[in-house]
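J.: Protein chains in written order, with this note's numbering: chain W, -4 to 225; chain G, -4 to 225. Glycine residues also receive a C-beta, built at the ideal position from the N, C-alpha and C atoms.
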DNA sequence: TCGAGCATAGTTGCATACAATAATCATAAA
DNA sequence: TTTATGATTATTGTATGCAACTATGCTCGA
């Protein structure tokens, strides 16, 4: 792993953790001294973050961390509703028995965790859920589709959403996973796609609802029409 | 415009023109001396080309120009069939009168050119067609959707396809443009999406057919399962 | 004759110094 | 008081030299 790779991941992590606030500038020299790298790998990392859409390059003024508005989140869901069903449509024709077993195991674990009701369990579910979707993307076997999804589905956004699910929504989501697996076992592309579509639309609904119930701590952000991403 | 920008465009152009063959390496030092830049802007340009998907970075071995297989083309069409209808679905709700007029003018010009039947006219149609689609993307007003399309729709591929249309296919394509405009005038998102879907599937059919009718000059490429991109 | 290991060459990866550019602030004139 | 203009400063953009790494070919041993 090169220095540029390391710097890339460090900065990305900081953006996700809120270490760098939206709108703030990431200076090449500043972070370079802090991490004890020269500006060269920092520059490369920032360029990659720009093309990933995490920061925007202001010519001769630096790299600014982008802010997420409610509108951005809606845009992403609109695209996920198109692309994620396509993932399972392809997966239905290509998935292996081994992959189906893996998906089943992930669904088992998620269901077990969803019995409990604490923060740690929810975190666990979020991780497993990401693995579930990653396995589906692998089974879909389309590098371009994978890249498009990686481009738009910023992990923290979808991950955070789990924390705002009601108990009912959580169970519904678990049901979806089971049904997706059944559809894939039957090699039924359209069935799988239909459930995945519902799965994403349900996630969107939860996210949209959360939009309303903002705590006082987020008032400033709301004023700027921005969202916490971590 | 910075040196890195210039280098980026030069290399990209050369890849499109066939100056750099698929599979060949673009050496930082070599092209640096040739264009009389240091390696730094060259590196940056190559990194951008990597993230655009034009070249792939082999660690410690250089940037290799990627080759397009028939399979890649199919993958792209599969995604365009999803995304381009979404463009007009959004555009139907947002497009302005001015933009509708612009689209109408572009359709006029394309139809006029399609009366003729020489290479230059076909080139002209290709350019106008790109403008037509670009106008639709603008009207859709979704930066992310725009970025995804720019990522996957490599202009030369779709552009070349026009040259392989039969007379009938060309007229059909012109009809599609007209009907898309009518659907947008009626603010009918699903009508517009349906026609756009047909439009892309028709383009795919033409492309797939062309796969069969390869000239002797392309035998070597065919042997490697690669396609001309320019 | 085959394989393992080592040397070497060629390429990218990184650091540092310098150049260029644009924003900001102060100052002066209208 | 406001605006324009120029100096200054902060920041990115570029060049160059050196370091690190990988692949390749050669040599030596089995």
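Using the three-state DSSP reduction, which class does residue -1 (chain G) fall into: helix, strand or coil?
T.: By 1-based counting over the second chain, the position of residue -1 (chain G) is 4. Of the three classes helix, strand and coil, the one that applies to residue -1 (chain G) here is helix, per DSSP.
J.: Could you pull the DSSP bridge partners for residue 51 (chain W) from this structure?
T.: Translated into the one-based positions of the first chain, residue 51 (chain W) becomes position 56. W:59, per the DSSP bridge assignment.
J.: Can you pull the chain G residues whose beta carbon is under 7 Å from the beta carbon of residue 137 (chain W), in chain order?
T.: The residue given as residue 137 (chain W) occupies position 142 in the first chain. By Cβ distance, chain G contributes 70.
J.: With distance defined between alpha-carbon atoms, name the residue in W:87, W:104, W:179 nearest to residue 119 (chain W).
T.: The count along the first chain starts at 1 and reaches residue 119 (chain W) at position 124. Closest option to residue 119 (chain W), Cα to Cα, is W:104.
J.: Could you spell out where the alpha helix (DSSP H) holding residue 109 (chain W) opens and where it closes?
T.: Residue numbering aside, residue 109 (chain W) sits at position 114 when the first chain is read from its first letter. Note, residue 109 (chain W): alpha helix (DSSP H), 92 to 110.
J.: Could you name the residues of chain G that residue 78 (chain W) contacts, counting a contact when the two beta carbons are closer than 9 Å?
T.: To locate residue 78 (chain W), count along the first chain from 1; it is residue 83. Correct list: 74, 77, 78, 143.
J.: Who are the Cβ neighbours of residue 51 (chain G) in its own chain at under 6 Å, not counting the five residues just before and after it?
T.: The residue labelled residue 51 (chain G) in the question sits at position 56 within the second chain. Cβ neighbours of residue 51 (chain G) beyond the five flanking positions: 59, 61.
J.: In chain order, what residues of the same chain lie with their CB nearer than 6 Å to the CB of residue 186 (chain W), ignoring the 5 residues before and after it?
T.: Position 191 of the first chain holds residue 186 (chain W). These residues qualify, in order along the chain: 178.
J.: Quick check on residue 46 (chain G) - is its C-beta less than 7 Å from some C-beta in chain W?
T.: Position 51 of the second chain, counting from 1, holds the residue named residue 46 (chain G). Answer yes: the Cβ-Cβ gap between residue 46 (chain G) and chain W drops below 7 Å somewhere.
J.: Check each candidate in G:162, G:123, G:91 and name the one with the smallest Cα separation from residue 110 (chain G).
T.: To locate residue 110 (chain G), count along the second chain from 1; it is residue 115. Measuring from the Cα of residue 110 (chain G), the nearest candidate turns out to be G:162.
J.: Do the CB positions of residue 129 (chain W) and residue 86 (chain W) come within less than 7 Å of each other?
T.: Residue mapping note: residue 129 (chain W) aligns to position 134 of the first chain, counting from 1. Residue mapping note: residue 86 (chain W) aligns to position 91 of the first chain, counting from 1. Contact flag unset, no.
J.: How many angstroms separate the CA atom of residue 34 (chain G) from the CA atom of residue 23 (chain G)?
T.: As a working mapping, residue 34 (chain G) is identified with position 39 in the second chain. As a working mapping, residue 23 (chain G) is identified with position 28 in the second chain. Their backbone Cα atoms lie some 6 Å apart in a straight line.
J.: Within the same chain, show all residues whose beta-carbon is closer than 6 Å to that of residue 147 (chain G), passing over the 5 residues directly before and after it, in chain order.
T.: Taking the second chain and counting its residues from 1, one reaches residue 147 (chain G) at position 152. So the qualifying residues of the chain are 71, 74.
J.: Mapping the DSSP letters down to three states, classify residue 148 (chain G) as helix, strand or coil.
T.: Position 153 of the second chain, counted from the first residue, corresponds to residue 148 (chain G). Reduced to three states, the DSSP call for residue 148 (chain G) is coil.
J.: Give the range of the alpha helix (DSSP H) segment to which residue 25 (chain G) is assigned.
T.: In the second chain, counting from the first residue as 1, residue 25 (chain G) sits at position 30. Its alpha helix (DSSP H) spans residues 23 to 30.
J.: Check whether chain G comes within 7 Å of residue 81 (chain W), counting only Cβ atoms and requiring the distance to be less than that.
T.: Counting from 1 along the first chain, the entry for residue 81 (chain W) is found at position 86. It does: the Cβ of residue 81 (chain W) has a partner Cβ on chain G nearer than 7 Å.
J.: May I ask you to report which of helix, strand or coil DSSP gives residue 9 (chain W)?
T.: Along the first chain, one-based indexing puts residue 9 (chain W) at 14. Helix at residue 9 (chain W).
J.: To the nearest whole angstrom, what separates the beta carbons of residue 127 (chain G) and residue 166 (chain G), a pair I think is in contact under 8 Å?
T.: For the purposes of this step, residue 127 (chain G) is identified with residue 132 of the second chain, where counting begins at 1. For the purposes of this step, residue 166 (chain G) is identified with residue 171 of the second chain, where counting begins at 1. Not really, about 16 Å apart at Cβ, beyond 8 Å.
J.: In the DSSP assignment, find the alpha helix (DSSP H) that holds residue 129 (chain G) and state where it starts and stops.
T.: As a working note, residue 129 (chain G) is residue 134 in the second chain. Here the alpha helix (DSSP H) through residue 129 (chain G) covers 114 to 135.
J.: Does residue 195 (chain W) come within less than 7 Å of chain G when only Cβ atoms are used?
T.: Working through the first chain from its first residue, we reach residue 195 (chain W) at position 200. Not one chain G Cβ lies under 7 Å of residue 195 (chain W).
J.: Once you ignore the five residues that flank residue 10 (chain G) on each side, which residues in its own chain have a CB closer than 6 Å to its CB?
T.: Within the second chain, numbered from 1, the residue matching residue 10 (chain G) stands at position 15. Within the same chain, residue 10 (chain G) has close Cβ partners 49, 60.
J.: Could you spell out where the alpha helix (DSSP H) holding residue 172 (chain W) opens and where it closes?
T.: Along the first chain, one-based indexing puts residue 172 (chain W) at 177. Residues 162 to 180.
J.: Considering only residues of the same chain and omitting the five flanking positions on each side of residue 36 (chain W), which have a CB-CB separation below 6 Å?
T.: If you number the first chain from 1, residue 36 (chain W) lands on position 41. So the qualifying residues of the chain are -2, -1, 2.
J.: Any idea what DSSP makes of residue 4 (chain W), helix, strand or coil?
T.: Position 9 of the first chain, counting from 1, holds the residue named residue 4 (chain W). Residue state, collapsed to three classes: helix.
J.: Whole angstroms is fine: what's the gap from residue 12 (chain G)'s alpha carbon to residue 149 (chain G)'s?
T.: Against the second chain, residue 12 (chain G) aligns to sequence position 17. Against the second chain, residue 149 (chain G) aligns to sequence position 154. Residue 12 (chain G) and residue 149 (chain G): Cα-Cα distance of roughly 13 Å.
J.: Assuming residue 157 (chain G) and residue 121 (chain G) make a contact with CB atoms under 8 Å, what is their CB distance in whole Å?
T.: Here residue 157 (chain G) refers to the residue found at position 162 of the second chain. Here residue 121 (chain G) refers to the residue found at position 126 of the second chain. About 5 Å separates the two Cβ atoms, so the contact holds.
J.: In chain G, what lies closer than 7 Å to residue 140 (chain W) by C-beta?
T.: In the first chain, the residue the question calls residue 140 (chain W) occupies position 145. Near residue 140 (chain W) (Cβ distances below 7 Å), the residues of chain G are 74.
J.: Going along chain G in order, which residues have a C-beta closer than 9 Å to the C-beta of residue 39 (chain W)?
T.: On the first chain, position 44 is the one that residue 39 (chain W) refers to. Chain G residues near residue 39 (chain W): 38, 39, 42.
J.: Is residue 171 (chain G) near residue 194 (chain G), with beta carbons less than 7 Å apart?
T.: If you number the second chain from 1, residue 171 (chain G) lands on position 176. If you number the second chain from 1, residue 194 (chain G) lands on position 199. Yes, the pair counts as a contact, with Cβ atoms nearer than the cut-off.
J.: Using a beta-carbon distance cut-off of less than 7 Å, what residues from the segment 3 to 18 of chain W approach chain G?
T.: Result list empty, no residue passes.
J.: Going by C-alpha distance, which of W:83, W:15, W:204 is nearest residue 141 (chain W)?
T.: For the purposes of this step, residue 141 (chain W) is taken as the residue at position 146 of the first chain. Checked all of W:83, W:15, W:204; the closest Cα to residue 141 (chain W) is W:83.
J.: Would you say residue 147 (chain W) lies against chain G (beta-carbon separation less than 7 Å)?
T.: Counting from one through the first chain, the residue named residue 147 (chain W) turns up at place 152. Chain G, which has a Cβ nearer than 7 Å to the Cβ of residue 147 (chain W), makes this yes.
J.: Expressed to the nearest angstrom, what Euclidean distance is found between the alpha-carbon atoms of residue 6 (chain G) and residue 138 (chain G)?
T.: Along the second chain, one-based indexing puts residue 6 (chain G) at 11. Along the second chain, one-based indexing puts residue 138 (chain G) at 143. Cα to Cα, residue 6 (chain G) sits roughly 26 Å from residue 138 (chain G).
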